[in-house]
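Trainee: One structure follows; several queries about it will come next.
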Amino acid sequence: MLAIPETIAPLLKRPVGVFGKGVTGKAVVDLLKVMGAAYVVYDEKCLECSVFDSIAAKQHNLVIYSPGFSQEHPWLKLARENGCTCLAEMDFAAVFWQGEIIAVTGTNGKTTLTEFMAQALCQLGKKAIAVGNNGSPLSGFWRNFEDKAAVAVCETSSFQSEDLKYLQPDAVLWTNFDEDHMDRHQTMEKYFNAKWNLIERLQNGIAIIGESVYQWAKKMNKTMPANLYIAEDQSHMPTGTIFEKYPQSENFAIARKYWVEKDYALAILLEAASAFKLPKHRLQKVAKIGEVSFWNDSKATNFHATQAALRGFEKPIIWIGGGAGKGLDTKKLIDAIYDKIAMAFLIGDEAEKLQKNIEEKGGISVICKTLEEVVKCAYAYSEKYKGSETDIVFSPGFTSYDMFDNYAHRGNCYEEIVLRLKHESKANIPK
71 MLAIPETIAP LLKRPVGVFG KGVTGKAVVD LLKVMGAAYV VYDEKCLECS
121 VFDSIAAKQH NLVIYSPGFS QEHPWLKLAR ENGCTCLAEM DFAAVFWQGE
171 IIAVTGTNGK TTLTEFMAQA LCQLGKKAIA VGNNGSPLSG FWRNFEDKAA
221 VAVCETSSFQ SEDLKYLQPD AVLWTNFDED HMDRHQTMEK YFNAKWNLIE
271 RLQNGIAIIG ESVYQWAKKM NKTMPANLYI AEDQSHMPTG TIFEKYPQSE
321 NFAIARKYWV EKDYALAILL EAASAFKLPK HRLQKVAKIG EVSFWNDSKA
371 TNFHATQAAL RGFEKPIIWI GGGAGKGLDT KKLIDAIYDK IAMAFLIGDE
421 AEKLQKNIEE KGGISVICKT LEEVVKCAYA YSEKYKGSET DIVFSPGFTS
471 YDMFDNYAHR GNCYEEIVLR LKHESKANIP K
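The numbering used here numbers the first residue of the sequence shown as 71 and each following residue consecutively.
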């Protein structure tokens, strides 16, 4: 059984309320079982779960919630009104963690940098694990909690950092900052402050930020701590690796700056870079049918990610985009990528808005009802460019929740459709 810190012990005299029964909630429940603590799970989508109301709220001293619960959620408001201490899952787990914590955040690039840092640190001989918003909650690694040599590289979203009470990172790596999650944070200032909270909770460690973060920090009139560094030098990118070009060069610049400040052997970092493979659904070529290359960038769930993806193509591409919105102005996306697209095929809740934005610029687009329809329409349109290399890029720019479980589900469906299309194309070749 884990040793219970004094800060938490009094809160466990009553059962712990757990908000959410997904991956995060299950990890919290497993941790509470190891602790020998009683708990009650609440989930809006679960008919079998208990109902959280004012009566239930009085049964708890402590509530642990998943990242999907906004600070304005009625349950969190009710819990606080009834005197409950409410902790985000990562914040709760950090109370027990005795090793080093490196918090990785940013509008984009978080998962890649988190996974890369953990791999590179392991090659250096550290006991590093990649946890957090990458789908591996810190609570699930309770076996490592009391290992002071362990290093938790925590991918930290704004949802996880906005209301921290205990987590105090030893280092903060912040890739970039751009407009996103306005449906949750309402303003850019609130969104920025949610992430800046990590900087404010930094103790004696270092913070390394990208150039865009620095520009926004100045705009927000933030006081830069003495232990904050800007990773603006992208002249030492390892050739022949995924970090050679933007946007991955941005991630490597931050990792390299951290390595230099910690006085670690750069040769180890370069070895890790050479061996590192991008996680799936990040601008990867799925297949080539004749002269047409199909790219899967389903992880692009915001404008900044799609802009970065299309920036890497020298000539205009056939773009497949659209999905569920986050309260952002779609015109900003079209203004940024219009010159990069030869034709647009659109799906999802935001399709009509995108089509209107494209028409306002004198362009044309096609709205499709399903992912399979949009892929086939885009491929049929590529015949127009027969005789030259053509790229069809699936970089949605929006979340997937209007049609899919998540971006991975969306990306897998896209790949299945493309590969099926390739098989059908081969079958139709005259023998």
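Glycine residues also receive a C-beta, built at the ideal position from the N, C-alpha and C atoms. Bear in mind that the values here come from a model prediction, so they are computed numbers and not experimental data.
Whole beta strand (DSSP E) runs in the stretch 220-293 with 3 or more residues, listed along the chain?
Mentor: For the stretch 220-293, whole beta strand (DSSP E) runs of length 3 or above, ordered along the chain, are 220-225, 241-244, 276-279.
Trainee: Kindly indicate which three-state DSSP category N321 falls into: helix, strand or coil?
Mentor: For the purposes of this step, residue 321 is taken as the residue at position 251 of the sequence shown. DSSP places N321 in helix when its eight states are reduced to three.
Trainee: Just tell me which of D250, F415, K492 has its CA closest to the CA of T469.
Mentor: Taking the first residue of the sequence shown as position 1, residue 469 is located at position 399. Checking every option, the nearest Cα to that of T469 belongs to D250.
Trainee: Could you give the uninterrupted runs of the beta strand (DSSP E) lying entirely in the stretch 152-185, keeping only those of 3 residues or more?
Mentor: Within the stretch 152-185, the complete beta strand (DSSP E) runs of at least 3 residues are 155-158, 170-175.
Trainee: Can you have a look at Y316 and say buried or exposed, based on whether 16 or more other CB atoms are within 10 angstroms of its CB?
Mentor: On the sequence shown, residue 316 is found 246 positions in, with the first residue counted as 1. With fewer than 16 Cβ atoms within 10 Å of its Cβ, Y316 is classed as exposed.
Trainee: Quick one, are the C-beta atoms of S417 and V444 less than 7 Å apart?
Mentor: Within the sequence shown, numbered from 1, the residue matching residue 417 stands at position 347. Within the sequence shown, numbered from 1, the residue matching residue 444 stands at position 374. According to the sequence displayed, residue 417 carries Ile and not Ser. Cβ distance < 7 Å, so I417 and V444 count as in contact.
Trainee: What are the start and end residues of the alpha helix (DSSP H) that includes S458?
Mentor: For this step, residue 458 is matched to residue 388 along the sequence shown. Segment: none, S458 is in no alpha helix (DSSP H) and carries neither H nor E.
Trainee: Decide if E185 is buried, meaning its Cβ has at least 16 other Cβ atoms within 10 Å, or exposed.
Mentor: By one-based count along the sequence shown, residue 185 stands at place 115. With 16 or more other Cβ atoms within 10 Å, it is buried.
Trainee: Measuring CB atoms only, is the stretch 421-439 touching the stretch 455-463, in the sense that at least three cross pairs come out at less than 8 Å?
Mentor: Output reads no: the stretch 455-463 does not touch the stretch 421-439.
Trainee: Could you check the C-alpha separation between S124 and L148 for me, to the nearest Å?
Mentor: On the sequence shown, position 54 is the one that residue 124 refers to. On the sequence shown, position 78 is the one that residue 148 refers to. If I take the Cα positions, the gap works out to 7 Å.
Trainee: So, under 8 Å CB-CB, V86 and A173 are touching, yes? Tell me the CB distance rounded to an integer number of Å.
Mentor: Position 16 of the sequence shown, counted from the first residue, corresponds to residue 86. Position 103 of the sequence shown, counted from the first residue, corresponds to residue 173. So it is not a contact: roughly 24 Å between Cβ atoms.
Trainee: Need the endpoints of the alpha helix (DSSP H) that A343 sits in, please.
Mentor: Along the sequence shown, read from residue 1 onward, the residue named residue 343 stands at position 273. First-last of the alpha helix (DSSP H) with A343: 336-345.
Trainee: On the CB-based measure, 16 or more other CB atoms within 10 Å of its CB, does Q434 come out buried or exposed?
Mentor: If you number the sequence shown from 1, residue 434 lands on position 364. It is worth fixing the name first, because residue 434 is Ile in this sequence and not Gln. Counting Cβ neighbours within 10 Å, I434 comes out exposed, since fewer than 16 surround it.
Trainee: Please name the residue, chosen from K91, K103, G92, F464, that lies closest to I74 on a Cα-to-Cα basis.
Mentor: As a working mapping, residue 74 is identified with position 4 in the sequence shown. Measuring from the Cα of I74, the nearest candidate turns out to be K103.
Trainee: Which value, in whole angstroms, describes the spacing of the CA atoms of I499 and H493?
Mentor: As a position in the sequence shown, residue 499 is number 429, starting the count at 1. As a position in the sequence shown, residue 493 is number 423, starting the count at 1. Low confidence applies here, because I499 scores a pLDDT of 49, under 50, leaving its location unreliable; read the following figure in that light. About 10 Å.
Trainee: Just to confirm before moving on: does the CB-CB distance between Q377 and A421 stay below 7 Å?
Mentor: As a working mapping, residue 377 is identified with position 307 in the sequence shown. As a working mapping, residue 421 is identified with position 351 in the sequence shown. Against a cut-off of 7 Å, the Cβ pair of A421 and Q377 comes out as no contact.
Trainee: Expressed to the nearest angstrom, what Euclidean distance is found between the alpha-carbon atoms of A264 and K454?
Mentor: Mapped onto the sequence shown, residue 264 falls at position 194. Mapped onto the sequence shown, residue 454 falls at position 384. When rounded, the distance between both Cα atoms is 47 Å.
Trainee: Please report how far the alpha carbon of E360 lies from the alpha carbon of V436, in whole angstroms.
Mentor: Along the sequence shown, read from residue 1 onward, the residue named residue 360 stands at position 290. Along the sequence shown, read from residue 1 onward, the residue named residue 436 stands at position 366. According to the sequence provided, residue 360 is Gly. The question's Glu does not apply to it. G360 and V436: Cα-Cα distance of roughly 23 Å.
Trainee: Going by C-alpha distance, which of G195, I487, M187 is nearest F364?
Mentor: One-based indexing of the sequence shown puts residue 364 at position 294. Here the closest residue by C-alpha is I487.
Trainee: What whole-angstrom Cβ distance do F383 and A343 have, given they're in contact under 8 Å?
Mentor: Here residue 383 corresponds to residue number 313 of the sequence shown, with the count starting at 1. Here residue 343 corresponds to residue number 273 of the sequence shown, with the count starting at 1. That belief does not hold up - the Cβ atoms of F383 and A343 are roughly 23 Å apart, past 8 Å.
Trainee: What residues in its chain sit with their C-beta under 6 Å from that of L157, if we drop five residues either side in the sequence?
Mentor: Against the sequence shown, residue 157 aligns to sequence position 87. Hits under 6 Å: I134.
Trainee: Can you name the start and end residues of the beta strand (DSSP E) that L298 belongs to?
Mentor: Here residue 298 corresponds to residue number 228 of the sequence shown, with the count starting at 1. From DSSP, the beta strand (DSSP E) with L298 extends over 298-300.
Trainee: My parser needs the alpha helix (DSSP H) runs of 4 or more residues fully inside the stretch 350-405; what are they?
Mentor: Entirely contained in the stretch 350-405, the alpha helix (DSSP H) runs reaching 4 residues are, in chain order, 373-381.
Trainee: Are K128 and V111 closer than 7 Å when you measure CB to CB?
Mentor: Here residue 128 refers to the residue found at position 58 when the sequence shown is read from its first residue. Here residue 111 refers to the residue found at position 41 when the sequence shown is read from its first residue. Contact: no.
Trainee: Is the CB-CB distance between I540 and V463 below 7 Å?
Mentor: Within the shown structure, residues of the chain are numbered from 71 to 501, placing residue 540 beyond reach of any answer.
Trainee: For I407, which of helix, strand or coil comes out of DSSP?
Mentor: To locate residue 407, count along the sequence shown from 1; it is residue 337. It is helical.
Trainee: Report the partner residues of M473 according to the DSSP bridge assignment.
Mentor: Sequence index remark: in the sequence shown, residue 473 carries index 403 (1-based). Per DSSP, none; premise fails for M473.
Trainee: Would you tell me roughly how many angstroms separate the C-alpha atoms of K332 and N291, rounded to the nearest one?
Mentor: Walking along the sequence shown from the start, residue 332 turns up at place 262. Walking along the sequence shown from the start, residue 291 turns up at place 221. Rounded to the nearest angstrom, the two C-alpha atoms are 28 Å apart.
Trainee: Contact check, T245 vs I171 under 8 Å by CB: the rounded distance?
Mentor: Stepping through the sequence shown from its first residue, residue 245 is reached at position 175. Stepping through the sequence shown from its first residue, residue 171 is reached at position 101. Not really, about 17 Å apart at Cβ, beyond 8 Å.
Trainee: Taking a contact to mean a Cβ-Cβ separation below 7 Å, would you say M252 touches K369 in this structure?
Mentor: Reading the sequence shown from its first residue, position 182 is the one you call residue 252. Reading the sequence shown from its first residue, position 299 is the one you call residue 369. Cβ atoms of M252 and K369: not closer than 7 Å.
Trainee: Leaving out the 5 sequence neighbours to the left and right, which residues in its chain are closer than 7 Å to K501 when beta-carbon positions are compared?
Mentor: Walking along the sequence shown from the start, residue 501 turns up at place 431. Unreliable positioning characterises K501 in this predicted model, as indicated by a pLDDT of 43, which lies under 50. The coordinate reading is nonetheless provided below. Same-chain partners within the cutoff: there are none.
Trainee: DSSP on S495, reduced to helix/strand/coil?
Mentor: Start at 1 with the first residue of the sequence shown, and residue 495 comes out as number 425. Helix, per DSSP.
Trainee: Count the CB pairs spanning the stretch 176-184 and the stretch 198-216 that are closer than 8 Å, and state whether there are at least three.
Mentor: The stretch 176-184 is in contact with the stretch 198-216.
Trainee: Quick check: what's the CA-CA separation for Q238 versus A287?
Mentor: Translated into the one-based positions of the sequence shown, residue 238 becomes position 168. Translated into the one-based positions of the sequence shown, residue 287 becomes position 217. So the two alpha carbons sit approximately 20 Å from each other.
Trainee: Roughly how many whole angstroms lie between the Cα atoms of F229 and R254?
Mentor: One-based indexing of the sequence shown puts residue 229 at position 159. One-based indexing of the sequence shown puts residue 254 at position 184. If I take the Cα positions, the gap works out to 9 Å.
Trainee: Tell me which residues share the same chain as F262 and place their Cβ nearer than 7 Å to its Cβ, disregarding the 5 neighbours each side in the sequence.
Mentor: Here residue 262 corresponds to residue number 192 of the sequence shown, with the count starting at 1. The answer, listed in chain order, is F247, W286, M290.
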